[in-house]
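Comments concern the structure below.
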Amino acid sequence: MRPLRVLATCLPDQEPWQLTTQDGHHAVQLASRIQACGKLGQLVEGVLRNLFDVQRLANGGPLYQAAIQRRATSRRVRRAAFLQSEDELRETLEQRKRAERLPERRAFWELVRIVMTEPPRSFVDTLRFLCLRAMIVTGLRIGEVVLLPADWQRTRAYYDRHGQSAGTQGGYAQALLLRHFAEKQQTPTSDSRVLFEKVQYVPEMFRDLLTETLARSVALTEPLRRTLRQQTETGRLLPWYAEHEVVPAAHLYPHLTGNPFWAAMDSAQRADLLERYRAQFDITLLQEMHDLQRTSHARQPRLDSAAYVYLNRLEKAMRAGEHPLSFRRADGSVMPPDVRLQWSQTCLHVGELEAYLRAAVPTKLSDTAPLPLMSGQLQSWELLFLGPKRSLAEERDDGICDVTRVMAVNRPDTGFVANAIGERPSGESLFQRYGQSPEDQRLHLESHMLRHLQNTELFRLGVADTIISKRFNRRSVTQSYVYDHRSLAEQLDQIELPAEVESSLGEKAATVAKMIQAGKASGPLVAAFLRIQANEGDEAAFAYLKAEADGFHVTPYGHCLNSFTVDPCPKHLECFTGCRHLSATNLPENRAHLVKLEGKLVAALAHAEARPATALGRDNQIAHARVRLEGVRKLLASANGELPFPDGPDLSVIPPRGVLDD
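Have a look at this one:
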């Protein structure tokens, strides 16, 4: 009944005997689309054959044969799996090489949005934003950008031969250079710990952005730099006070923890101060906070709850005998253990406190050790991206850090940036903290991807490989090409032919000419072109290419530049068996085809060898599989552009037919 319902659906206003061949064909097609396996279509064909044709119900003659003929003529044209449409080929050409080394597009632009537009919620996040801005603009390695010096700016002036500024002649009067310490510059005899000072030219388009970014970094970290310098030069931990001085414990609390709130304060006033400080991280507000607390503490001596907990723990550890530190009165006398402490009158001896800190909490000590240079040393306080060390008040308790008073100053390391972009699964990344959607919050990228991206973009914009290599402190241009991830289409776009030559060659021959100049093609046609170019000049070589390059094509296994101006190659799917015109490529699609083919040939060879020695055709099958397997493996082992079978046969030539051939 179901096939009859399909026929009735196709003929809602006709009688069964009015059915035509076109109606029958339409019903078969409809049934085939309804059921993908084709069974329903076959049932409809059976009804047409066994019911309508056998019983001669239709006036239009036999319906089954006509439906079968229509189906045969309308059957879609099959194509080989490796053939691609124009859109698929365009997409393949636009795919970048080794794209996994480049940042994901969404992750990169989300990072740019965060560091350029989002207001940072903490002092440390502000430094991370600025550091990542510098990385995006300069392309420096993560270890190079975190060790940028505070004295980063260098300039170079340019003059003409008469001593006049080049700016008056239409050039650039001055160039901005970024002083930094480059990695991977060691010589066989140098110490691996030594820093090598280099400079990098800053493009004019990034001059204002980089200057603003690094100037802001210098201003933010200046209090920390001042503290670290005093600690380095004096060898003290609390250089704000004399070593023999006795200081109220509450006043020392901001130095020990970085938390600026040591005295009790009205919650509304405190929230207002926090909001104002986080707007610009203006250090003048830190002094205002301190002055307000001193005033309120003088009227009503009460400690902030966090300061009270901290000092109370210190008292318990002291009474337990864990350290020799003692609480003192303002005159310096030691307070007996059984005396109830009044924190407004409790003091600490600075020298004793420093000795306790060195012994009990070495991880809270500032990084004062210098870094070795080729000539001299770089002091830690000369670095740019200094930060508070283990600032729990800000990073854990959602507070702020008093960078003017905190005693623990940290020299930056790679984790400062790596954790921020999710390169290391440690802590909360900037994507998790500032991402706009759940998908954005799951993003991450590797810091070195930014260097790969800038290298590729410079190539894409036509910058010379020597300039790129010099920008990234490389000793040769070879490494710059390792970082080149342009697609083939982008590479060919950068190659320019004379306008009259390109117009005369046509699109296909011009593409071949560009591939030859880029070293991306080889073969007899290329060899002949280069020979004619060397002997007779460019004009004759391009004329030859115009006539011979019409048949240029790409096989599933490599490039072929043999000329096929009349007939296509009959063996273009078997060129791996030793054709002299086949040129190896490093395209992932070609290698995937070859690896898959190698597996099939290995299986076929094993199957043939497993047959009995007396089996018919066994030796021919083994020889056939071995020849092709050797060809595939030789092609896989060949370098890009290399001819794996230079002395092989020309498979495009059809062998002459004998009298016994069919």
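Here UniProt numbering is used: position 625 in the sequence shown is 625, and no number is missing along the way.
By construction, the Cβ of each residue, glycine as well, lies at the ideal position given by its N, Cα and C atoms.
Look at the alpha carbon of residue i and the alpha carbon of residue j, and state the distance between them as a whole number of angstroms.
i: Val137; j: Pro301; result: 51 Å
i: Gly332; j: Asp266; result: 32 Å
i: Pro52; j: Leu651; result: One detail in the question is off: residue 52 reads as Phe in this sequence, not Pro. If I take the Cα positions, the gap works out to 54 Å.
i: Ser122; j: Val202; result: 29 Å
i: Val44; j: Pro570; result: 41 Å
i: residue 666; j: Tyr253; result: What the structure shows of the chain is the stretch from 1 to 662, and residue 666 is not part of that stretch, so it cannot be assessed.
i: Phe416; j: Leu430; result: 12 Å
i: Asp338; j: Cys347; result: 16 Å
i: Leu601; j: Tyr557; result: 15 Å
i: Asn590; j: Val112; result: 36 Å
i: Glu197; j: Ala510; result: 46 Å
i: Asp538; j: Ser375; result: 53 Å
i: Asp367; j: Gly422; result: 25 Å
i: Leu214; j: Cys401; result: 21 Å
i: Val477; j: Ser469; result: 6 Å
i: Arg128; j: Arg154; result: 23 Å
i: residue 664; j: Leu130; result: The structure shown does not extend to residue 664, since the chain is modelled only from 1 to 662, so the question has no answer here.
i: Leu365; j: Pro223; result: 17 Å
i: Tyr544; j: Phe576; result: 27 Å
Taking residue i as part of the beta strand (DSSP E), name the residues at either end of that continuous run.
i: Leu323; result: The amino acid at residue 323 is misidentified as Leu; the sequence shows His. No beta strand (DSSP E) holds His323; DSSP gives it neither H nor E.
i: Gln174; result: Gln174 to Ala182
i: Lys198; result: Phe196 to Tyr201
i: Pro248; result: Val246 to Pro248
i: Gly558; result: Gly558 to Cys560
Check residue i in the structure and name its three-state DSSP category.
i: His26; result: helix
i: Glu439; result: helix
i: Leu57; result: coil
i: Tyr158; result: coil
i: Leu51; result: helix
i: Thr577; result: helix
i: Gln533; result: helix
i: Asp13; result: coil
i: Phe206; result: helix
i: Val112; result: helix
i: Leu238; result: coil
i: Arg141; result: coil
i: Ala464; result: coil
i: Gly399; result: coil
i: Gly46; result: helix
Residue i and residue j: beta carbons closer than 9 Å?
i: Glu110; j: Glu144; result: no
i: Arg2; j: Leu57; result: no
i: Leu303; j: Leu314; result: no
i: Pro119; j: Arg278; result: yes
i: Leu102; j: His485; result: yes
i: Arg471; j: Gly163; result: no
i: Ala604; j: Gln621; result: yes
i: Leu256; j: Thr126; result: no
i: Thr178; j: Leu148; result: Here residue 178 turns out to be Leu, not Thr, going by the sequence shown. Yes, the pair counts as a contact, with Cβ atoms nearer than the cut-off.
i: Leu587; j: Pro372; result: no
i: Tyr356; j: Leu325; result: yes
i: Pro388; j: Glu382; result: no
i: Gly399; j: Phe281; result: no
i: Ala134; j: Arg156; result: no
i: Ala263; j: Gln293; result: yes
Buried or exposed for residue i, going by 16 or more other Cβ atoms inside 10 Å?
i: Leu443; result: buried
i: residue 681; result: There is simply no residue 681 to check, as the chain begins at 1 and stops at 662 in what is shown.
i: Pro239; result: buried
i: Asp291; result: exposed
i: Asp272; result: exposed
i: residue 663; result: In the structure as shown, the chain begins at 1 and stops at 662. Residue 663 is therefore absent and cannot be evaluated.
i: Cys37; result: exposed
i: Pro438; result: exposed
i: Ala359; result: exposed
Is there at least one Cβ from chain B nearer than 9 Å to residue i's Cβ?
i: Arg216; result: Although the question refers to chain B, the structure presented lacks it and comprises just one protein chain.
Which first and last residues belong to the alpha helix (DSSP H) in which residue i is found?
i: His349; result: Where His349 is concerned, there is no enclosing alpha helix (DSSP H), although the beta strand (DSSP E) it sits in stretches over Cys347 to His349.
i: Cys131; result: Phe123 to Thr138
i: Cys10; result: Arg2 to Cys10
i: Glu395; result: Leu392 to Glu395
i: Tyr481; result: Thr478 to Val482
i: Gly415; result: Gly415 to Ala418
i: Gly167; result: It is not in any alpha helix (DSSP H) - Gly167 carries neither H nor E in the DSSP assignment.
i: Ile622; result: Arg618 to Ala637
i: Pro588; result: Pro588 to Glu609
i: Met289; result: Thr284 to Arg299
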